[in-house]
Amino acid sequence: MKYVPEPFRIKMVEKIKPLTRQEREARIQAANYNLFGLHAQDVYIDLLTDSGTGAMSSDQWAGIMQGDEAYAGSKSYYHLIDAGKDIFGYDFIQPVHQGRAGEKVLFPLFLGKGKYAISNTFFDTTRAHVELAGARAIDCVVEAAKNPAVRAPFKGNMDTAKLEQLINELGAENVGLVVLTITNNSAGGQPVSMENIKTTAQICKKYNLTLEIDAARFAENAYFIKRDEPGYGDKSLQDIIREMFSHGDIFHMSSKKDAIVNMGGILGVKDAAHPIIAGIKAHCISYEGFYTYGGMSGRDMEALAIGLYEGTEEDFLRYRIGQAEYLAAQLDTAGIVYQSPVGGHGLFIDAAALFPHIPYTEFPAQVLAIELYKEAGIRTCDIGSFMLGNDPDTGVQLQSDFEFTRFAIPRRVYTQAHFDIMAEALIAIKDRAHTIERGMKITWEPPILRHFQAKLAYV
Ligand SMILES: *Cc1c(COP(=O)(O)O)cnc(C)c1O
């Protein structure tokens with residue numbers, strides 16, 4: 019497997035330096051075994067998230083200098099909404115400061131007590147905002163997604179038969195939103211096919227439900243459609259993206275992912291006459307700021323307008339997905355199981371397969387994340403039962419369908435040698451996996467989104 023060469027050269031660098039193993043062991047203990055509690059300077063290769071961690075281009079930095087900071091109607095706002103309208107084909111584009119801000123603005127307009135929202139898989143903050151709006155979130159992903167070793171295309175798809183069954187069981191009047199997460203982050207960054215988007219949209223139409231797209235990784239999803247879905251190989255990514263969004267009614271997106279900015283988000287509504295727009299503007303003004311900046315600086319809107327285009331370039335996406343595939347090929351040789359095929363934004367290692375003796379109640383994916391930090395100063399995170407948390411009604415620990423440790427790959431940041439270090443660390447841990455006997459227990463947790471703050475100890 020050849021490494022796809024970078025379609026850019028490096029103009030500015032940031033120094034990083036590994037600590038010793040002994041120092042790392044002390045640091046992770048001091049952080050209560052929560053990787054979010056580490057100081058970033060104590061991390062050598064930071065794969066905690068691909069969110070807001072990308073390297074901006076010289077064009078984006080030039081845009082920063084040109085940002086217009088007018089309170090209302092700035093030039094940068096109009097650049098951003100022009101880019102948004104052009105790329106997504108939606109009439110109404112609203113900046114917000116990040117993805118979850120979009121959720122906070124949008125969800126209470128559709129959801130409340132007694133309502134349900136159904137998604138292929140809810141991302142953690144998205145699930146939290148459904149619950150904060152008083153509603154319940156239901157995941158409805160295809161069965162193939164639940165078996166990481168099965169190599170199938172479009173494992174992020176909605177289980178459309180189950181979706182329709184759920185709508186009938188719950189009553190269409192109680193379903194406030196259907197949310198398609200593209201790519202499907204929590205199911206391993208797996209893409210959703212155009213056919214599945216279309217079928218989901220048809221079901222929504224049939225029951226008069228709103229289809230909302232959680233679009234953080236829309237460009238990666240479009241790349242997978244072009245590469246793997248029959249009939250799309252000759253289409254431009256631009257056309258594929260427009261077609262994807264033409265099936266939805268509304269979208270929200272964290273621009274910290276595919277739009278390669280450090281902070282930002284967007285809400286979009288297809289139809290300029292949609293009655294929800296007045297509510298979006300009102301919530302924006304209360305929570306985010308006036309609707310022509312929505313919590314963003316003018317300079318950040320400028321960088322975002324440029325990043326939206328850069329993030330959808332095909333040679334960039336080929337290089338990006340190629341990095342994860344390069345790492346995956348080394349894991350194949352070593353017999354390490356991950357959600358396959360490789361998804362959009364990184365690798366999701368099946369920690370349950372690596373530590374079959376550690377039960378979900380002791381968080382095997384968190385155990386692997388801790389070992390990776392101790393081994394090589396690599397910071398990853400748990401996408402498993404530790405992240406999922408407790409049932410909001412009963413307080414009982416939920417069992418996740420997956421126990422993944424996520425290697426999220428920042429955009430345009432790490433080189434081939436860094437990827438070799440990742441593979442070496444995983445292989446070293448696999449070789450001694452049977453000697454790692456103890457799982458983790460939680461010693462303190464907050465009521466919601468606990469994985470960001472919880473304190474842990476060895477069982
Ligand atoms: C990152 C992300 C969010 C939340 O966005 P933030 O910018 O982190 O607030 C929501 N949904 C998905 C699918 C994401 O990947």
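Numbering (the numbering used here), first residue to last: 19 to 477. The beta carbon of each residue, even a glycine, is placed where N, CA and C say it ideally should be. None of these values were measured; they are calculated from a predicted model.
beta-carbon residue i near ligand 1 non-hydrogen atom, thresh 7 Å
{"i": "Lys274", "result": "yes"}
{"i": "Asn226", "result": "no"}
{"i": "Phe106", "result": "no"}
{"i": "Asp232", "result": "yes"}
{"i": "Gln116", "result": "yes"}
{"i": "Asn203", "result": "yes"}
{"i": "Phe308", "result": "no"}
{"i": "Thr144", "result": "yes"}
{"i": "Ser76", "result": "no"}
{"i": "Phe128", "result": "no"}
{"i": "Ser69", "result": "yes"}
{"i": "Phe54", "result": "no"}
{"i": "Thr199", "result": "yes"}
{"i": "Gly362", "result": "no"}
{"i": "Gly340", "result": "no"}
{"i": "Gly329", "result": "no"}
{"i": "Gly395", "result": "no"}
{"i": "Phe141", "result": "yes"}
{"i": "Gly283", "result": "yes"}
N-terminal and C-terminal residue of the alpha helix (DSSP H) that residue i is part of
{"i": "Phe125", "result": "Unbroken run through Phe125: none, as it is neither H nor E."}
{"i": "Phe404", "result": "Ser403 to Leu406"}
{"i": "Ile259", "result": "Leu255 to Ser264"}
{"i": "Ala44", "result": "Arg39 to Ala48"}
{"i": "Ala394", "result": "Pro382 to Ala394"}
{"i": "Phe437", "result": "Gln434 to Asp449"}
{"i": "Ile185", "result": "Thr178 to Leu188"}
Buried or exposed by the 16-neighbour rule on C-beta atoms within 10 Å, applied to residue i
{"i": "Gly130", "result": "exposed"}
{"i": "Glu230", "result": "buried"}
{"i": "Ile226", "result": "At residue 226 the sequence reads Asn, which differs from the Ile that was named. When all chains shown are included, Asn226 counts as exposed."}
{"i": "Ile278", "result": "buried"}
{"i": "His57", "result": "exposed"}
{"i": "Thr38", "result": "exposed"}
{"i": "Lys459", "result": "exposed"}
{"i": "Tyr378", "result": "buried"}
{"i": "Pro359", "result": "buried"}
{"i": "Leu322", "result": "buried"}
{"i": "Gly353", "result": "exposed"}
{"i": "Leu416", "result": "exposed"}
{"i": "Pro209", "result": "buried"}
{"i": "Lys244", "result": "buried"}
{"i": "Val414", "result": "exposed"}
{"i": "Ala481", "result": "Nothing can be reported for residue 481: it is not among the residues displayed for the chain, which extend from 19 to 477."}
{"i": "Val114", "result": "buried"}
{"i": "Asn192", "result": "exposed"}
Residue range of the unbroken beta strand (DSSP E) whose run includes residue i
{"i": "Tyr476", "result": "Lys473 to Tyr476"}
{"i": "Gln112", "result": "Phe110 to Val114"}
{"i": "Ile367", "result": "Gly364 to Asp368"}
{"i": "Ile156", "result": "Arg154 to Asp157"}
{"i": "Ala146", "result": "Ala146 -> not in any beta strand (DSSP E); alpha helix (DSSP H) instead, spanning Asp142 to Leu150."}
Paired residues, beta bridge with residue i - DSSP
{"i": "Lys459", "result": "Ala475"}
{"i": "Leu56", "result": "Answer by DSSP bridge pairing: none, since Leu56 is not bridged."}
{"i": "Thr423", "result": "Ile367 and Asp400"}
{"i": "Phe269", "result": "Ile231 and Gly286"}
{"i": "Val193", "result": "Tyr134"}
{"i": "Tyr337", "result": "Note: Tyr337 sits in no beta bridge, so no partner."}
{"i": "Tyr356", "result": "Ile367"}
{"i": "Gln415", "result": "Asn408"}
* Please list the segments of the alpha helix (DSSP H) lying wholly inside the stretch 273-335, counting only runs of 4 or more residues, in order along the chain. => 294-305 and 316-328
* Asked: Can you list, in chain order, the stretches of the alpha helix (DSSP H) that have 4 or more residues and sit fully within the stretch 63-98?
  -> 76-83
* **Whole beta strand (DSSP E) elements within the stretch 197-247, 3-residue minimum** => 229-232
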